[in-house]
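*Asks:*
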Amino acid sequence: MFRTLVAGALLAASTLLPTTAHAAPTPAVDTPVGRNGQLHVCGTKLCNERNEPVQLRGMSTHGLQWYANCVKTASLDALANDWKADILRISMYVQEGGYETDPRKYTDLVNTYIEEATKRGLYALVDWHQLDPGDPNQNLRLAKTFFTEIAQRHKDKKNIIYDIANEPNGVSWAGIKSYAEQLVPVIRAKDPDCVIFVGTHGWASLGVSDGRTEADIVNNPVNATNLMYTFHFYAASHKQEYFDALSRAAAKLPLFVTEFGTQTYTGDGGNDFTWSQKYLDFLNSKQIGWTNWNFSDDFRSGAVFKEGTCAGNDFSGTSVLKPAGVWIRDQLRNRTLAAADVSTSAELKAALANAKPGDTIKLADGTYTGNFKTTVKGTASAPITLTGSAGAVLKASGGYGLHLNGASYWNVRGITVTGGQKGIMIDSATHVTIDGVTVHGLDMEGVHFRNSSTYGVISNSRVYDTGNDGRGMGEGVYVGSAGGTSDKSDHVQIVGNTIGPDVGGEAIDLKEGTTGGLVSGNSFDGRGLTGAHFDDSWVDVKGNNYLIENNTGKNTTNNGYETHTQQSGWGCGTVFRGNKSDLTGATGSGRYAFNITNYNASSCKVTIDRGNTITGGKALTNPGIPVS
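If you want it as structure tokens, here you go:
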């Protein structure tokens, strides 16, 4: 952990003057506080005012007694606008020339930085940076005085978080718990709905640095609500043992990483970006917030700015940054935006390009104009989710509305996709789930699983008004490719959807080369079938071994379901059961619920179960096809 740092000579005071304003300004909507409002702890997560988990990411100042000149108008503007941070950790040392030496000076300085963070819509984490002595009880009297004034002054703001003990050390967990249970009520008396953090034993290591474990906390938590426990790591020093403790604790405790570095625990030395990325990937997947040490131009490698930067006013871009600064800035800027953060087309494109396993991209309602694509893969244990209401509309003019190209393990939920050539295209991607979406107003197909996209799912969705280019094509859901058998888009499930009316091709087309899929519980409305290119049924099966069950269909020009052999050995093994077909008004030559064109009892069997029903039309199936 980051222990005592001697910075040398004191630097100039901040260029921000203490402010006397006490009113809580209304944050701009397009800021972290504007989007999330008053935070609270829900289970093991930090949640916003809509009870949605939120991950805050940002930077920690260095000690204010040494590097206050690094926290000023230009640098804070860069942190909010160029770095895209959510939170500023205000690191006020208690000893080492800090608060204890001049309580008034440092309280005023913290007040100033809270106001500056508030102006920019950032969350302000007030850090009681005690290090030596390591037992926070020795500073309890001072802490009560400080936090009483801070809470009284800022209680009406939505962006204040209190960290009451930075890195307890040389003290048992029971001692830290006792301290917290004395100080928390003091803060809550002034600010009852605030979130409070408390450091864990062993320099905020969940006890690992003291030879202990997170079990001390799990078995004896602080008797307080709306409270989180803090963890610190320095990637070049703290590897598997520390990572394992964090992993275990994340399942049981509400955690926030209030300090980490890419170097050793002294804040210096070489950067270990591999272990840093491993930690951040885990934190991101669990939506655990973090602040990096530190936002200064200290000579050590852990300070993000090159020496001398803070004397000027240029803090944006990468030319003023050390390697750790470039890396951390990139983590902040190029991350997937937090829940409800995506509200523009540019933000969506950035989020799709920079998503990481476990991320959730939540779209605000509105129209997102353009063609949206991602090639990023999720994982089985950490899929990536794109979600929003039907009022979040992806609108293309040509091309694909949403293209998941090699992007396996994605969940797409709730949104609307319209315009363009095709709605949602899944290429060479496995385990993609499309759920609850609306797809309409397209020149060609609605949703297409292509190029061996296996184990895909489309469920609970609505697809209508496709095939508008006038060529008599435009299936609702299309699986595989025509003209060969190399596209093995196998085991695709099409479940519980409403497809039609005005679908220019079949509701579902299952191409040769694909196998083992499921079509179940869907509702088909064939109004708008053109009859061109044989689109005279709801479902056309040219692949093998599909189960098609419990679907309902109405309005067809000819048949309900058909099987065909487009390539030798294909179009076989389909089982139809429990389907209800209304062929009232059909005028074609067949008018069968199941038009089986390729049945062979030995080489191309198709099963028609007696549980299927038909209204209108000519017959359940064509002559010579057994019903069992």
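Our numbering numbers the first residue of the sequence shown as 348 and each following residue consecutively. We put the beta carbon where it would ideally sit given N, CA and C, even for glycine.
1) Spatial neighbours of residue 433 within its chain, please: CB distance less than 7 Å, with the 5 preceding and 5 following residues excluded, ordered by chain position.
2) Short of 6 Å in beta carbon distance, which residues of its chain neighbour residue 538, apart from the five on each side in sequence? Order them along the chain.
3) Determine the extent of the beta strand (DSSP E) in which residue 603 is found, giving its start and end residues.
4) Does residue 563 pass the burial test, meaning 16 or more other C-beta atoms within 10 Å, or should it be called exposed?
5) Please go through the same chain and pick out, in chain order, the residues whose beta-carbon is closer than 6 Å to the beta-carbon of residue 790, but skip the five residues on each side of it.
6) If I'm right that residue 823 touches residue 855 with Cβ under 8 Å, what's the distance once you round it to whole angstroms?
7) Can you check the region 625 to 665 for any beta strand (DSSP E) of at least 3 residues that lies completely inside it and give the ranges in chain order?
8) Please report the straight-line C-alpha distance between residue 718 and residue 521, rounded to a whole angstrom.
9) Whose CA, out of 599, 506, 919, 909, lies closest to the CA of residue 942?
10) Just to confirm before moving on: does the CB-CB distance between residue 558 and residue 515 stay below 9 Å?
11) Could you pull the start and end residues of the alpha helix (DSSP H) that residue 673 belongs to?
12) Mark residue 436 as exposed unless 16 or more other C-beta atoms lie within 10 angstroms of its C-beta, in which case mark it buried.
13) Here's the rule: buried if 16 or more other CB atoms are within 10 angstroms of the residue's CB, otherwise exposed. What is residue 973?
14) Compare the Cα-Cα distances from residue 713 to each of 689, 390, 724, 722 and report the closest residue.
15) What residues in its chain sit with their C-beta under 8 Å from that of residue 975, if we drop five residues either side in the sequence?
16) Buried or exposed: which applies to residue 610, given that a residue is buried once 16 or more other Cβ atoms fall within 10 Å of its Cβ?
17) Could you compute how far the alpha carbon of residue 965 sits from the alpha carbon of residue 928?
18) Grouping DSSP H, G and I as helix and E and B as strand, with all else coil, what is residue 469?
19) Going by DSSP, which residues form a beta bridge with residue 924?
20) Identify the residues that DSSP records as bridge partners of residue 966: which are they?
21) So residue 884 and residue 861 are supposed to be a Cβ contact under 8 Å. How far apart are they, rounded?
22) Quick one: Cα of residue 643 to Cα of residue 607, how far?
23) Are the region 645 to 653 and the region 395 to 402 touching, with three or more C-beta to C-beta distances below 8 Å?
24) Going straight from the alpha carbon of residue 919 to that of residue 787, what length do you get?
25) Nearest by alpha-carbon distance to residue 780: which of 722, 577, 756 is it?
26) Can you tell me whether DSSP reads residue 509 as helix, strand or coil?
27) Return yes when the Cβ of residue 569 is within less than 9 Å of the Cβ of residue 542, no when it is not.
28) If residue 386 sits next to residue 638, beta carbons under 8 Å apart, how far is it from one beta carbon to the other, in whole angstroms?
29) Taking Cβ positions, are residue 410 and residue 438 nearer each other than 9 Å?
30) What are the residues that DSSP puts in a beta bridge with residue 475?
31) Out of 630, 737, 716, which has the shortest C-alpha to C-alpha gap to residue 729?
32) By the 10 Å Cβ neighbour count, where 16 or more other Cβ atoms means buried, how is residue 800 classified, buried or exposed?
33) Alpha carbon to alpha carbon, how far is residue 938 from residue 778?
34) In the DSSP assignment, find the alpha helix (DSSP H) that holds residue 972 and state where it starts and stops.
35) If I follow the unbroken alpha helix (DSSP H) through residue 762, where does it start and stop?
36) If I measure Cβ to Cβ from residue 733 and keep anything under 6 Å in the same chain, skipping five residues before and after, which residues do I get?
*Replies:* So, from the listed chains and residues:
1) 379, 403, 404, 405, 469, 470
2) 498, 502
3) 602 to 608
4) buried
5) 768, 815, 816
6) So it is a contact: roughly 6 Å between Cβ atoms.
7) 637 to 640
8) 56 Å
9) The shortest Cα separation from residue 942 among 599, 506, 919, 909 belongs to 909.
10) no
11) 670 to 680
12) buried
13) Residue burial annotation: residue 973 is exposed, with fewer than 16 other C-beta atoms found within 10 angstroms of its C-beta.
14) 689
15) 954, 955, 956, 957
16) buried
17) 12 Å
18) The answer is coil: DSSP assigns residue 469 none of H, G, I, E or B.
19) 896
20) 939
21) Not a contact, Cβ separation roughly 18 Å.
22) Going by the C-alpha atoms only, they are around 14 Å apart.
23) Inter-segment contact for the region 645 to 653 and the region 395 to 402 is absent: fewer than three beta-carbon pairs are separated by less than 8 Å.
24) Cα to Cα, residue 919 sits roughly 31 Å from residue 787.
25) Considering only alpha carbons, the answer is 756.
26) strand
27) no
28) The beta carbons of residue 386 and residue 638 sit about 15 Å from each other, so the pair does not count as a contact at 8 Å.
29) yes
30) 439.
31) Comparing Cα-Cα distances from residue 729 to each of 630, 737, 716, the minimum goes to 630.
32) buried
33) Those two C-alpha atoms are separated by around 36 Å.
34) Segment: none, residue 972 is in no alpha helix (DSSP H) and carries neither H nor E.
35) Residue 762 -> no alpha helix (DSSP H), and no H or E assigned at all.
36) 708, 759
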